[in-house]
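Engineer: Numbering (our numbering), first residue to last: 36 to 546.
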């Protein structure tokens, strides 16, 4: 007796269909599992056998062959437990095989027959929808996530017996429905106890630079001595970033779903990610890796912020592998089994001191030699600095600023200006795949960042005096475009360009 149950697996953050083919024939009792299964899939044999018996059904004492097609792609994880069990029960004619038409089934089985949560449900359900399936049977703990996809019935189940009765039309389970607009409205409600820009004392120059970075999704480096508030300001940046669109939210949720980082009963990631890995992070942890590659920190920061505190303390090889993702907005990981591309369109926020002790150029506190300072600064290469749009100095805060009672501008006030600038960019780039000024290509820069005669003269002088590269030149123009948007001006003016140029402090020689 032969039957086929449709399931799915993951390739990167996208799903692909897997046909779970089950054949039961006479012969020595044995269960063979083929189709390039990994160890977790091979172990499903015992989970399926025990869960079927503990659910009140008798496991057949016959020759059973299970094939996971396509057979040339390696399968991993326990998510094929449920479709294998359903395939065996349908071959035993316990389940009506016609009920399996246009139905995708996925889930892990515990030994008592309960259906356990699995990773990557959102891309799998979306893949089923694209392939014309009308129904998805998934674990109950994943149903909130899967129901985000409209146009397909997503049904959550708790145990194997419930699935059997559902497929035999003995019970009815209503598909889960989610109101996306209502979900987004709730997600934008912020807690009053969260961090706020009004907590920052002084540092007006750094606050302004962070506002520009948020408005145009620019990379930014904050330079200053210990205790000047660099980390504090970086942690408050997410509070002024533009709200997520539905498309951005789905992209982030796919990554977090594949990584197993979605919380229970969480449908979508509704806030921009903020990731702050420790300086001991490895290459593969940052970019992603493993035998079958999983997303790393730069992909988990997609459409959000990656914060590297004290950037020179990171391993130089770790920093250098960010060069390509910063330029392309994606990272490609090649392994023997697969080559996978993950999105990595993130804002890089970094902080650093100017010397090992952190107090340079204060000669009274700093005892570092010029060689030590140069060696410390050289930990960050020129090509990487070129990819950071804004370099801003965060100096020590005066006592007068620290002791003032009146609070500075709140995150809400700053975010209103950021949202207005973002709206201008959305209208300007509505017919392209550009969302922020930082995404502009060379051809777009020529079109949208043209300078007048005075601007050309200023840019020419800065290019020669600071010895800028072509990339740094384009970065300055992108920042100037954002400053003009914050000012509500259609064209880049001389004052916008001048402000953009002064945010290139690391292009100057500090020694």
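All C-beta atoms, glycine included, are put in the ideal place defined by N, C-alpha and C. Predicted model, so just to flag it, every value in this text is computed and none were measured.
Count the other C-beta atoms from every protein chain shown that fall within 10 angstroms of the C-beta of residue 228, then say buried if there are 16 or more, exposed otherwise.
Structural biologist: Confidence at residue 228 is low in this model, with a pLDDT of 48, below 50, so the placement of that residue is unreliable and no value is reported for it.
Engineer: Let me confirm a value: residue 177 is counted as buried when at least 16 other C-beta atoms fall within 10 Å, else exposed. Which label applies?
Structural biologist: buried
Engineer: Who are the Cβ neighbours of residue 164 in its own chain at under 6 Å, not counting the five residues just before and after it?
Structural biologist: Take residue 164, set aside five residues on each side of it, and the residues of its chain with a beta-carbon closer than 6 Å to its own are 184, 186 and 187, in chain order.
Engineer: With a threshold of 16 other CB atoms inside 10 Å of the CB of residue 300, please say whether the residue is buried or exposed.
Structural biologist: exposed
Engineer: Taking contact to mean at least 3 C-beta pairs separated by less than 8 Å, is the segment 239 to 259 in contact with the segment 373 to 387?
Structural biologist: yes
Engineer: Going by DSSP, which residues form a beta bridge with residue 171?
Structural biologist: 139 and 189
Engineer: Determine which residues share a DSSP beta bridge with residue 582 and list them.
Structural biologist: A question about residue 582 goes unanswered here, because the residues of the chain that appear run from 36 up to 546.
Engineer: Hey, quick one: how far does the alpha helix (DSSP H) through residue 319 stretch, first residue to last?
Structural biologist: Its alpha helix (DSSP H) spans residues 318 to 322.
Engineer: Enumerated in chain order, which unbroken segments of the alpha helix (DSSP H) with a length of 4 residues or greater are wholly contained in the segment 415 to 455?
Structural biologist: Entirely contained in the segment 415 to 455, the alpha helix (DSSP H) runs reaching 4 residues are, in chain order, 417 to 421 and 434 to 438.
Engineer: With distances taken between CB atoms, is the gap from residue 59 to residue 97 smaller than 8 Å?
Structural biologist: yes
Engineer: Would you mind reading off the limits of the alpha helix (DSSP H) that contains residue 489?
Structural biologist: 488 to 500
Engineer: According to DSSP, what are the bridge partners of residue 257?
Structural biologist: Secondary-structure assignment with DSSP links residue 257 through a beta bridge to 386 and 427.
Engineer: Would you list, in sequence order, the uninterrupted alpha helix (DSSP H) runs of no fewer than 4 residues that lie entirely inside the segment 225 to 301?
Structural biologist: Runs found: 239 to 251, 265 to 271 and 281 to 294.
Engineer: Classify residue 149: buried if its beta carbon has 16 or more other beta carbons within 10 angstroms, exposed otherwise.
Structural biologist: buried
Engineer: Taking just the CA atoms, how far does residue 473 sit from residue 274?
Structural biologist: 19 Å
Engineer: Quick check: the Cα distance between residue 146 and residue 114, rounded to an integer number of angstroms?
Structural biologist: Taking the Cα positions, residue 146 is about 14 Å away from residue 114.
Engineer: For the beta strand (DSSP E) containing residue 42, name the first residue and the last one.
Structural biologist: 37 to 46
Engineer: Give every residue of the same chain whose Cβ lies closer than 8 Å to the Cβ of residue 352, excluding the five residues on either side of it in the sequence, and list them in chain order.
Structural biologist: 318
Engineer: Which word fits residue 298, buried or exposed, when buried means at least 16 other C-beta atoms lie within 10 angstroms of its C-beta?
Structural biologist: So residue 298 counts as exposed.
Engineer: Considering residue 340, what are the terminal residues of the beta strand (DSSP E) in which it resides?
Structural biologist: Residues 340 to 343.
Engineer: Pick out whichever of 335, 377 and 315 has its Cα sitting closest to the Cα of residue 295.
Structural biologist: Answer by Cα proximity: 335.
Engineer: Kindly indicate which three-state DSSP category residue 395 falls into: helix, strand or coil?
Structural biologist: coil
Engineer: Whole-angstrom Cβ separation of residue 536 and residue 513, contact assumed at under 8 Å?
Structural biologist: Wrong, their Cβ atoms sit about 13 Å apart, outside the cutoff.
Engineer: Could you check which residue in 427, 42 and 364 has the C-alpha nearest to that of residue 548?
Structural biologist: The first residue shown for the chain is 36 and the last is 546, placing residue 548 beyond what the model contains.
Engineer: Is the beta carbon of residue 112 closer than 8 Å to that of residue 76?
Structural biologist: Contact: yes.
Engineer: From the DSSP output, read off the bridge partner residues of residue 310.
Structural biologist: 341
Engineer: Could you give the distance in angstroms between the alpha-carbon of residue 137 and the alpha-carbon of residue 483?
Structural biologist: 49 Å
Engineer: Classify residue 194 as helix, strand or coil using the three-state DSSP reduction.
Structural biologist: strand
Engineer: Between the C-alpha atoms of residue 504 and residue 419, what's the straight-line distance to the nearest angstrom?
Structural biologist: 12 Å
Engineer: Quick check: residue 110 and residue 70, are their CB atoms within less than 8 Å of each other?
Structural biologist: yes
Engineer: Pop quiz: residue 342 and residue 320 are said to be a contact at Cβ under 8 Å. What is the actual Cβ separation, rounded to whole angstroms?
Structural biologist: With a Cβ gap of about 15 Å, residue 342 and residue 320 do not count as contacting.
Engineer: Please return the same chain residues whose Cβ sits closer than 8 Å to the Cβ of residue 91, not counting the five positions on each side in sequence.
Structural biologist: 196
Engineer: Quick one: what does DSSP say residue 525 is sitting in, helix, strand or coil?
Structural biologist: Here residue 525 carries a coil assignment [DSSP, helix/strand/coil].
Engineer: Can you tell which of 173, 155, 133 and 122 has its C-alpha closest to the C-alpha of residue 141?
Structural biologist: Selected option, being the one with the closest Cα: 173.
Engineer: Pairing CB atoms from the segment 426 to 440 with CB atoms from the segment 357 to 375, are three or more of them under 8 Å?
Structural biologist: no
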